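Take a look at the structure below.
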Amino acid sequence: MRADARRNYERLVVAAREVFAQEGGGASMEAIARRAGVGVGTLYRHFPNRIDLVEAVYRTDVDNLVHTAEQVSADLEPWPAAVAFLEAFVRYAQGKRTFLNELREAFDKNPDLRVDMMDRIRQAMELVVGRAQRAGVMRTDVDGSDLMQLVGPMCTNATLSVDQSKRLLDTILDGLHKEP
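For the sequence shown, position 75 matches number 75 in the working numbering, and the numbering has no gaps at all.
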């Protein structure tokens with residue numbers, strides 16, 4: 001892909017994430033193109049339909065979440081890394097609230113998408129959780145999949161405020177933490 005085409009692609013994904021957050025998954029493609037500073041034709045060359053754009057946003061968000069797991073694991077001690085990653089996971093999952101229906105359509109269109117991305121998230125979770133468990137600062141009777149099941153639904157519940165989600169996550173973290 002040419003450098004300018006790559007830049008446009010990335011700008012469109014960022015713009016779509018922002019517009020979806022403000023207006024929901026049904027936001028107009030024109031609004032997304034406008035936010036990205038490109039023409040509608042450029043948007044449709046990259047993303048022939050809304051679901052392709054939703055998939056690109058989702059893949060990019062998963063890439064960013066995986067990068068966060070790697071970064072906090074490299075930069076922080078095991079328990080602070082686990083806390084930082086779980087907080088990032090909550091923000092990531094809450095970011096999907098506004099376009100869940102479109103994301104479900106993307107999963108229907110490409111059944112492997114959900115499986116592949118959830119596996120990547122689980123591996124990222126296992127990286128951080130495993131490190132904390134090996135350091136003796138996290139209970140060993142839970143794994144990354146357990147935490148995804150525990151924390152994930154809390155994040156997509158539209159009735160929970162950000163403050164409520166934070167309190168619930170703090171409660172979960174208190175239950176997971178153990179002194180070495």
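Ideal Cβ positions, reconstructed from N, Cα and C, are used throughout, including at glycine.
Keep in mind that this is a model prediction, so the values were computed, not measured.
Between which residues of its own chain and residue 122 is the CB-CB distance below 7 Å, once the five residues before and five after are set aside? As a position in the sequence shown, residue 122 is number 122, starting the count at 1. Setting aside the 5 residues that flank it on each side, residue 122 is surrounded in the same chain by 144, 145, 148, each with a C-beta closer than 7 Å to its C-beta; the list follows chain order.
Discussion item. Using a 10 Å radius around the Cβ and a threshold of 16 neighbouring Cβ atoms, would you call residue 77 buried or exposed?
Written reply: One-based indexing of the sequence shown puts residue 77 at position 77. Flag for residue 77 reads exposed.
Next on the checklist: Any contact between the segment 49-68 and the segment 110-128? By contact I mean 3 or more CB pairs, one from each, below 8 Å.
Outcome noted: In short, these stretches touch, since the Cβ pair count reaches three.
**OP:** Given a cut-off of 8 Å, decide if residue 32 and residue 21 are closer than it, judged by their beta-carbon atoms.
**Re:** Counting from 1 along the sequence shown, the entry for residue 21 is found at position 21. Counting from 1 along the sequence shown, the entry for residue 32 is found at position 32. No, they are not a contact pair.
Practice prompt. Under 7 Å Cβ to Cβ from residue 95, same chain only, skipping five residues before and after it: list those, please.
Written response: On the sequence shown, residue 95 is found 95 positions in, with the first residue counted as 1. So the qualifying residues of the chain are 21, 61.
Output the residue ranges of the alpha helix (DSSP H) runs that lie fully inside the segment 110-177 and measure 4 residues or longer, sorted by chain position. Counting whole runs of 4 or more residues, the segment 110-177 contains the alpha helix (DSSP H) stretches 111-134, 144-156, 162-176.
Considering Cα atoms alone, identify which of 79, 131, 54 is closest to residue 19. What you label residue 19 is simply residue 19 of the sequence shown in a count that begins at 1. Restricting attention to 79, 131, 54, the CA atom closest to the CA of residue 19 is found in 54.
Exercise. DSSP state of residue 104, grouped into three classes?
Worked result: Taking the sequence shown and counting its residues from 1, one reaches residue 104 at position 104. DSSP places residue 104 in helix when its eight states are reduced to three.
Query - Opening and closing residue of the alpha helix (DSSP H) in which residue 42 lies - result: In the sequence shown, the residue the question calls residue 42 occupies position 42. Taken as a continuous stretch (DSSP letters only), the alpha helix (DSSP H) holding residue 42 covers 40-46.
Closest by C-alpha distance to residue 46, when choosing among 179, 9, 68, 67 = If you number the sequence shown from 1, residue 46 lands on position 46. For residue 46, the closest of 179, 9, 68, 67 by C-alpha to C-alpha distance is 9.
Exercise for review: Indicate the three-state DSSP secondary structure (helix, strand or coil) for residue 78 in the structure shown.
Suggested key: The count along the sequence shown starts at 1 and reaches residue 78 at position 78. DSSP places residue 78 in helix when its eight states are reduced to three.
Is the distance from the Cβ of residue 86 to the Cβ of residue 43 below 8 Å? Against the sequence shown, residue 86 aligns to sequence position 86. Against the sequence shown, residue 43 aligns to sequence position 43. The answer is no: Cβ separation not under 8 Å.
Residue environment, residue 102, which counts as buried when at least 16 other CB atoms sit within 10 Å = The sequence position of residue 102 within the sequence shown is 102, counting from 1. Only buried fits residue 102, as 16 or more other CB atoms lie within 10 angstroms of its CB.
| task | State the CB to CB distance for the pair residue 139 and residue 73, rounded to an integer number of angstroms; the pair is presumed to be in contact (CB under 8 Å). | result | Numbered from 1 along the sequence shown, position 139 holds the residue referred to as residue 139. Numbered from 1 along the sequence shown, position 73 holds the residue referred to as residue 73. In this structure residue 139 is not in contact with residue 73, their Cβ atoms being roughly 18 Å apart against a cut-off of 8 Å.
**Request:** Note down the Cα distance separating residue 158 from residue 90, rounded to an integer number of angstroms.
**Result:** Taking the sequence shown and counting its residues from 1, the one referred to as residue 158 is at position 158. Taking the sequence shown and counting its residues from 1, the one referred to as residue 90 is at position 90. The straight-line gap from Cα to Cα measures roughly 13 Å.
query: Could you give the residue range of the alpha helix (DSSP H) that holds residue 49?
result: Sequence index remark: in the sequence shown, residue 49 carries index 49 (1-based). From DSSP, residue 49 is part of no alpha helix (DSSP H); its letter is neither H nor E.
Next item on the list: Buried or exposed for residue 100, please, with buried defined as at least 16 other CB atoms from any protein chain shown within 10 angstroms of its CB.
Entry: Along the sequence shown, one-based indexing puts residue 100 at 100. Exposed, because fewer than 16 other Cβ atoms sit within 10 Å of the Cβ of residue 100.
From this set, 88, 23, 56, 70, which residue's C-alpha is nearest residue 6's C-alpha?
Residue numbering aside, residue 6 sits at position 6 when the sequence shown is read from its first letter. Residue 6 has its Cα closest to that of 56, out of 88, 23, 56, 70.
Cα separation between residue 35 and residue 112? Within the sequence shown, the letter at position 35 stands for residue 35. Within the sequence shown, the letter at position 112 stands for residue 112. Straight through space, the alpha carbons of residue 112 and residue 35 are spaced by roughly 30 Å.
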